[in-house]
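Chains as they are written, first to last, in the working numbering: chain A, 105 to 407; chain B, 215 to 660; chain C, 79 to 389.
The structure appears right after this line, and notes come after that.
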Amino acid sequence: MKNLSTILATLVLVFAFMNSASAEDWKVSATAKKKLNPYELSKKNISTGKKVYQTNCKSCHGDPTKANMLPLVPVPTDLGSQNFLVQSDGEIYHKVKVGKGAMPTFEKTLNDESKWMVIAYLRSFDKNKKKAVVTKAVVNPEVTDVKIELNVDTEHKKLNAHLTGLKKNGKRAGLEGVELSFLVKRAFGQLDVSGEEAYTDAKGELVVQFPTDLPGDREGQVDLTIKITDEDEYGLIEEKRVLSIAVPTNPKNPLDERAMWGTRANAPIWIIASYVLGVIGIWSVIFLVLFQVFQLSKMRTKS
Amino acid sequence: MNDNTKSKETTFTFDKIKQDVLRPMQNHKGLELWIVFLITVISVGAWAYYVQLRDGLAVTGMRDYVSWGLYIANFVFFVAVSLVGMLISSILGLLKVDWIAPISRIAEIIAVAFVAVAGLVIVLDMGRPDRVLNVLIHGRFQSPILWDVTVITTYLVISSLLLILPMIPDLAICKKEIKTAPPILKKLYAILSFGYTNTPEQHKHLHKMIRTLMVLIVPVGLAIHTVTSWLFAATLRNGWDTTIFGPYFVAGAFVAGSAALVIAMYFFRVNYKLKDYITELHFDKMGKLMVAVCLVYLYFNVNEFLVPGYKMKSGDSVHLKELFFGSWAIMFWASQLLGNILPIMLMVNKRFRMPKPMMIISIFVIASAWFKRYVIVIPTMLHPHLPIQNVPDHVKHYFPSSVEITVTVLSFALALLIITVLSKIFPVVPICEIADQKGIDYKIEE
Amino acid sequence: MTQKTSDKSRRNFLKSFGVTVGAAGVVSSFSLLGAAKAAAKEPGETVNLLTADGQLVQVDKNQLRPTVNEPLDELQQRGREGIAGKSFVMVIDLSKCRNARKCMSACQNHHQLRADQHHINVLQMQDSDHTAPYFMPKPCQHCDNPPCTKVCPVDATFKRQDGIVLIDNERCIGCRFCIAACPYSARIFQWTEPKDAEKYKDLTYNIEANVPQKKGTVSKCLFSADRLREDKLPSCVSACPNGVYYFGDRNEDAVTNGTSGETVRFSKLIEENAGYTLMEELGTKPRVYYLPPKNRAFEFNGDLLNEENLH
Numbered sequence: 105m106k107n108l109s110t111i112l113a114t115l116v117l118v119f120a121f122m123n124s125a126s127a128e129d130w131k132v133s134a135t136a137k138k139k140l141n142p143y144e145l146s147k148k149n150i151s152t153g154k155k156v157y158q159t160n161c162k163s164c165h166g167d168p169t170k171a172n173m174l175p176l177v178p179v180p181t182d183l184g185s186q187n188f189l190v191q192s193d194g195e196i197y198h199k200v201k202v203g204k205g206a207m208p209t210f211e212k213t214l215n216d217e218s219k220w221m222v223i224a225y226l227r228s229f230d231k232n233k234k235k236a237v238v239t240k241a242v243v244n245p246e247v248t249d250v251k252i253e254l255n256v257d258t259e260h261k262k263l264n265a266h267l268t269g270l271k272k273n274g275k276r277a278g279l280e281g282v283e284l285s286f287l288v289k290r291a292f293g294q295l296d297v298s299g300e301e302a303y304t305d306a307k308g309e310l311v312v313q314f315p316t317d318l319p320g321d322r323e324g325q326v327d328l329t330i331k332i333t334d335e336d337e338y339g340l341i342e343e344k345r346v347l348s349i350a351v352p353t354n355p356k357n358p359l360d361e362r363a364m365w366g367t368r369a370n371a372p373i374w375i376i377a378s379y380v381l382g383v384i385g386i387w388s389v390i391f392l393v394l395f396q397v398f399q400l401s402k403m404r405t406k407s
Numbered sequence: 215m216n217d218n219t220k221s222k223e224t225t226f227t228f229d230k231i232k233q234d235v236l237r238p239m240q241n242h243k244g245l246e247l248w249i250v251f252l253i254t255v256i257s258v259g260a261w262a263y264y265v266q267l268r269d270g271l272a273v274t275g276m277r278d279y280v281s282w283g284l285y286i287a288n289f290v291f292f293v294a295v296s297l298v299g300m301l302i303s304s305i306l307g308l309l310k311v312d313w314i315a316p317i318s319r320i321a322e323i324i325a326v327a328f329v330a331v332a333g334l335v336i337v338l339d340m341g342r343p344d345r346v347l348n349v350l351i352h353g354r355f356q357s358p359i360l361w362d363v364t365v366i367t368t369y370l371v372i373s374s375l376l377l378i379l380p381m382i383p384d385l386a387i388c389k390k391e392i393k394t395a396p397p398i399l400k401k402l403y404a405i406l407s408f409g410y411t412n413t414p415e416q417h418k419h420l421h422k423m424i425r426t427l428m429v430l431i432v433p434v435g436l437a438i439h440t441v442t443s444w445l446f447a448a449t450l451r452n453g454w455d456t457t458i459f460g461p462y463f464v465a466g467a468f469v470a471g472s473a474a475l476v477i478a479m480y481f482f483r484v485n486y487k488l489k490d491y492i493t494e495l496h497f498d499k500m501g502k503l504m505v506a507v508c509l510v511y512l513y514f515n516v517n518e519f520l521v522p523g524y525k526m527k528s529g530d531s532v533h534l535k536e537l538f539f540g541s542w543a544i545m546f547w548a549s550q551l552l553g554n555i556l557p558i559m560l561m562v563n564k565r566f567r568m569p570k571p572m573m574i575i576s577i578f579v580i581a582s583a584w585f586k587r588y589v590i591v592i593p594t595m596l597h598p599h600l601p602i603q604n605v606p607d608h609v610k611h612y613f614p615s616s617v618e619i620t621v622t623v624l625s626f627a628l629a630l631l632i633i634t635v636l637s638k639i640f641p642v643v644p645i646c647e648i649a650d651q652k653g654i655d656y657k658i659e660e
Numbered sequence: 079m080t081q082k083t084s085d086k087s088r089r090n091f092l093k094s095f096g097v098t099v100g101a102a103g104v105v106s107s108f109s110l111l112g113a114a115k116a117a118a119k120e121p122g123e124t125v126n127l128l129t130a131d132g133q134l135v136q137v138d139k140n141q142l143r144p145t146v147n148e149p150l151d152e153l154q155q156r157g158r159e160g161i162a163g164k165s166f167v168m169v170i171d172l173s174k175c176r177n178a179r180k181c182m183s184a185c186q187n188h189h190q191l192r193a194d195q196h197h198i199n200v201l202q203m204q205d206s207d208h209t210a211p212y213f214m215p216k217p218c219q220h221c222d223n224p225p226c227t228k229v230c231p232v233d234a235t236f237k238r239q240d241g242i243v244l245i246d247n248e249r250c251i252g253c254r255f256c257i258a259a260c261p262y263s264a265r266i267f268q269w270t271e272p273k274d275a276e277k278y279k280d281l282t283y284n285i286e287a288n289v290p291q292k293k294g295t296v297s298k299c300l301f302s303a304d305r306l307r308e309d310k311l312p313s314c315v316s317a318c319p320n321g322v323y324y325f326g327d328r329n330e331d332a333v334t335n336g337t338s339g340e341t342v343r344f345s346k347l348i349e350e351n352a353g354y355t356l357m358e359e360l361g362t363k364p365r366v367y368y369l370p371p372k373n374r375a376f377e378f379n380g381d382l383l384n385e386e387n388l389h
């Protein structure tokens, strides 16, 4: 009896699952499976993929290996788990492209490069592929006291960041190839103005053009935060600054002008005038007539 | 057009006129029963309203999409009928049309009763009637509702004055002549006659005041129904977002009001035995007047429906298809045919401008007028710009609930009660004015 | 607010639904709003409370948070003033909506609404016979030329300086003129006692949340004005799992996505995606912008072409 109900329950779940699936099958063809990631498993690609992942995938799947995905039905896979990564790159690519049910199709919303970058990022969690991570020719020395120095070119609105660390020999060295994020504080989040290729050069320097048309407060001030994008390597390293190079704004208060949709105090003058004068005009005649009516009785004695 | 000083069939003396008009006021046969009946209906209606107050407007058929229903349609109807006062006593009065003399007071009684109840009907529709004073305290000049409240109050006051002022000579008579009146009525007559003794000076003075009010009420009366139409025309909904709603409503008001007047005329002619005053001539004239106003209303209807029907703009098209061919077709075409087109065709024929046929035609006209307003209010609410979705099925349809219908019947009972009372305590036919018209001399003593 | 914190609090907001309803049920002086903002602590520490009707209950400590301490006058005044210097706008990406309706339920929970009462409604739209159907979330558009505030006879609904149109249910007389005037069918009416009226009875009226709801008055989307005052995104924006909603301050030219937390330039988002407003020819000047459903993330799965649904 128990077995029967278990089977029935499973069948129901399967049917429900199938119903919630889209028309496309989650099955991946052999050709699709064989597709290889055309991009190398470099730190840079992994970092790019991480950004794409956090914008597009993290909201449902959570962080890879952290098992903090949304409690949806069906539950989104932990994309950092070995169960998932046992699939080939091509298989993952196909599923991302095609989607199913609650999983969106990213065929049109993400270009191919972005999709492969995400796969590179996910692959970096694969325990069997750790050694495949391509390391760059240049490796940064071991450093402590990593910090970011900022110089602002007010005239050209350029932000010059210098990322350095203290080497063992006591000398400061620039860190190369590290991605920095330039974030401007907005009402509900941080606006990234760094652009596409925000990596430090050989000297650890990076120049970012601050958008010339970005609004600031009344004085044109904004709160800028520069940080190392990927906190994994050096931890949270950031530099905050109040900049005055944004466009000063004078927010227009929609209540400043009189309007038909406004409050009574903000009504257009002509409406107030028409109403008041109309009421006064008509009612003064009424009261005049009423007054006259009471005069009638005074006229009776003159009969 | 003036009457002869001596009519051919009956000789009119002042005493005869007085007797004929004052007699029905003192005849209370059947009155008590009628008033008890009305008060019973009103009590049931009041209880229904209590239920509405207690449980909220959910006891009506209205929901989030059809948020204006029977009450608002009824409100428009009441405002429409009340315009008859302005039409008859003021517009025709200013044009010095003589035949309206015997019926102008009836018109004013209807006007006063219907506009007073209209004001009440709108309060009965409010979700928070306990906050009605907010309209005065926080009223926005830009809101058509504030304008509506203002003009309704103003029209009520002016109509009441136009009822009382021309009645002053008659009330002076009532004071003396109605011996069987209870003391409170006698006091009322005394106060409201303002010591009128028909001196030439008083006569002139009084008529100047009346004339002033007649001029004043024309813009106010036009305003009242135009502003009521703006409750709809000021919105962006398909079916309401048109430019001619003002004149369209005013023309419709004249039709509905005239029909109401004819029905009242017939009732008083028969029940009060006033055949010598509300004569066949009056029905003939009212018939011609009704043809005129019905034609004007027909003209506006053609413009209102043919033009959008020609274009079939999206939004309009769904609404119009429902009106012409769909679920509203019966009500729409019935109100047009039975309420407008057929009456015109009949009333151009002299045979149908006799009292009884006129009354029957008027019943159809006024019933159709009521349904026409229903057709103006509800179908538009059922076809908003964006689809109605994710709500229970019954929200996509509307039918008035029993509470709604009961409260609506209450409003009619109240109007009828006011008319009953007014037509019993006041002479429905102006005694002195008729005497004036027939060239009969009379004296009013103190 | 960093991305991590927003994700966490949003996740807990959704998680705490089940517990919150129960907790709010017994405690009368703390609202559902506050309870839903539970911090990411482990449940365990409880507190004994005496409810208004004399019951002694044990409530999880992190379910409690009084949402309004201010007196009514202050709430009303700041509600009418709005948040200075801001100009709130919402962007809805139609290519991402798959009718999950998490926005609708989050909103209904926030504002004491029944399941059939909508401040935001996700509609199935099909603009004409041969165009493709799509899902369209429709909140109040908070128009810059609002047809609703124009007609209100008592100033109960009004537009404030930050662009948000609110309703003062201490003043509303229930004439429903504003409902008739709104071409977007954005407003609803409390035809009878609101949901859970008893539980919310003793709460001070917060005009920025329109809670407690009142029988016989009008209600609508408020862009979660009470949450905006705390620099939080509106409920619907935060609740969406598919990245449909962006919300922000037009004065700053930035909107933040409720799902990913990503902030982008508002002007760029509109330009790159051909953003538009609903029924723009009516001249209402809405503040809700739509990005057309191009490059859809999900296939349309509504019961389309059902004539009844489209009118």
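Here a beta-carbon is modelled for each residue, glycine too, at the ideal position from N, C-alpha and C.
Proximal residues to residue i (C-beta, below 7 angstroms), its chain only, five neighbours per side dropped
i: residue 198 (chain C); result: 181, 182, 185, 215, 216, 217, 299 and 314
i: residue 349 (chain C); result: none
i: residue 403 (chain B); result: 385, 388 and 389
i: residue 560 (chain B); result: 566 and 575
i: residue 363 (chain B); result: 349
i: residue 474 (chain B); result: 295, 298, 324 and 580
i: residue 522 (chain B); result: 530 and 534
For residue i, the three-state DSSP class (helix, strand or coil)
i: residue 244 (chain C); result: strand
i: residue 356 (chain B); result: coil
i: residue 109 (chain C); result: Below a pLDDT of 50, predicted positions are generally treated as unreliable, and residue 109 (chain C), at 38, falls in that range; the measurement from the model is reported next regardless. Looking at residue 109 (chain C) - three-state DSSP - the assignment turns out to be coil, as it is neither helix nor strand.
i: residue 523 (chain B); result: helix
i: residue 345 (chain A); result: strand
i: residue 596 (chain B); result: helix
i: residue 170 (chain A); result: coil
Test: residue i CB closer than 7 angstroms to a CB of chain C
i: residue 399 (chain A); result: no
i: residue 294 (chain A); result: yes
Buried or exposed (CB count within 10 angstroms, at least 16 for buried), residue i
i: residue 527 (chain B); result: exposed
i: residue 451 (chain B); result: buried
i: residue 166 (chain A); result: buried
Test item: CB-CB of residue i and residue j under 7 angstroms
i: residue 240 (chain B); j: residue 394 (chain B); result: yes
i: residue 194 (chain A); j: residue 131 (chain A); result: no
i: residue 270 (chain C); j: residue 333 (chain B); result: no
i: residue 442 (chain B); j: residue 460 (chain B); result: no
i: residue 247 (chain C); j: residue 295 (chain C); result: yes
i: residue 314 (chain B); j: residue 306 (chain B); result: yes
i: residue 569 (chain B); j: residue 319 (chain B); result: no
Any C-beta of chain A under 7 angstroms from that of residue i
i: residue 210 (chain C); result: no
Chain-order list of residues whose beta-carbon lies under 6 angstroms from that of residue i (same chain, five-residue window excluded)
i: residue 294 (chain A); result: 287
i: residue 311 (chain A); result: 262 and 264
7 angstroms Cβ cutoff, residue i in contact with chain B
i: residue 360 (chain C); result: yes
i: residue 199 (chain C); result: yes
Name, going along the chain, the residues of the stretch 190-210 of chain A whose beta-carbon falls closer than 8 angstroms to a beta-carbon of chain F. Going by chain labels, chain F is absent from the structure shown, which instead holds the protein chains A, B and C.
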